[in-house]
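Student:
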Amino acid sequence: IVFKNAKTSSRSRSKKGNLESMNTSSSTPEYISEDWQAIQSSVSPKVSPKLENIDLNTTTIKRRNSEMNGSFKVNSSTFTSMQSVNYMVKSLRHVFEYLKTHELLSASRVCTSWNLIAMNKFLWQNVRLKNSMVYDWERFVDSIDNQRTDTLDTRRMLIPTKVDEFENFWLRFSKAMKRAQKLKFIELYRCPTHVVEDIIYSLPQIEVLNATSIKNPNVTKEAKNPNDFMALSLNYLGQM
1 IVFKNAKTSS RSRSKKGNLE SMNTSSSTPE YISEDWQAIQ SSVSPKVSPK
51 LENIDLNTTT IKRRNSEMNG SFKVNSSTFT SMQSVNYMVK SLRHVFEYLK
101 THELLSASRV CTSWNLIAMN KFLWQNVRLK NSMVYDWERF VDSIDNQRTD
151 TLDTRRMLIP TKVDEFENFW LRFSKAMKRA QKLKFIELYR CPTHVVEDII
201 YSLPQIEVLN ATSIKNPNVT KEAKNPNDFM ALSLNYLGQM
């Protein structure tokens, strides 16, 4: 019995020694790395060059598609903003049609966008000076000439009340209006007789001339070619 136990103990000792030698040999870093590389080489499949090229091409295509989608989004947002600006310009232009001349000039001083809209030639085809006072007729005529204004309405225009200022006001008007060669229609109101004569002589392109509250009934007696007018109306003429 003692011999058997000694034999078994020697066997168990030899087994333990083998196990320890196996554990110590497998636990070193060199063996671990070599084993891991061997496992990877045996497990990971070998990819052919063609498949690698296909993967690269697909990634390139995806990247290009994403770039194209991004540029499309940028272009669409730019188009939307431009369209909204266009709508704003059209809306303001319709609103500005109802403004008087001095109100339109005030609106043109708000900002650059409003100035571009307010200075549109479409809004200056018909200029009404109601409740407006013009201090510099030279600049006024230059402005309406540049804007190609064809209709000028001076009814209810603000004019000086003093006699001297009243006469100088209309003298400056007559002198400046000689250069308004693009006018086709003009409304004169409460002006002296010489103003009507000056308009008839100096603006031969005028097609329609209306003059109200003029004091001299013989204003067209010596006018040059008054029959050339398509319409000539002299209302409310009084005796001097």
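For the sequence shown, the UniProt record's numbering assigns the number 1 to the initial residue and increments by one for each residue that follows.
Where a beta carbon is used, it is the ideal one built from N, C-alpha and C, also for glycine.
Report yes if the C-beta distance between V134 and T151 is below 8 angstroms; otherwise report no.
Tutor: In this structure, T151 does not lie closer than 8 angstroms to V134 by Cβ.
Student: With R128 as the anchor, note down where its alpha helix (DSSP H) starts and where it stops.
Tutor: R128 -> not in any alpha helix (DSSP H); beta strand (DSSP E) instead, spanning 126-128.
Student: Can you list, in chain order, the residues of its chain with a C-beta nearer than 7 angstroms to that of M160? Leave out the 5 residues immediately preceding and following it.
Tutor: Note on identity: in this sequence residue 160 is Pro, with Met being the wrong assignment. Hits under 7 angstroms: F166, F169.
Student: Helix, strand or coil, according to DSSP, for D198 in the structure here?
Tutor: Of the three classes helix, strand and coil, the one that applies to D198 here is helix, per DSSP.
Student: Tell me, which residues are paired with L188 by DSSP?
Tutor: Answer is A211, bridged to L188.
Student: Tell me which same chain residues have a C-beta within less than 8 angstroms of the C-beta of M119, skipping the five on either side of it?
Tutor: Counting only Cβ-Cβ distances below 8 angstroms, and skipping sequence neighbours, we find S108, Q147.
Student: Does the beta carbon of N146 sit closer than 8 angstroms to a beta carbon anywhere in chain B?
Tutor: The structure shown contains no chain B, having only a single protein chain.
Student: Find the nearest neighbour of E197 within the set D164, K182, A211, judged by alpha-carbon distance.
Tutor: Selected option, being the one with the closest Cα: A211.
Student: Can you check whether the CB of I186 is closer than 8 angstroms to the CB of L158?
Tutor: No, the Cβ-Cβ distance between L158 and I186 is not below 8 angstroms.
Student: So who's on the other strand from L152, going by DSSP bridges?
Tutor: According to DSSP, L152 bridges with V127, I186.
Student: For P192, count neighbouring Cβ atoms within 10 angstroms of its own Cβ and tell me buried if that reaches 16, exposed if not.
Tutor: The residue is buried, with at least 16 neighbouring Cβ atoms inside 10 Å.
Student: Return the Cβ separation of R156 and K130 in integer angstroms, given the expectation that the two are a contact with Cβ distance under 8 angstroms.
Tutor: Yes, R156 and K130 are in contact; Cβ-Cβ is about 4 angstroms, under 8 angstroms.
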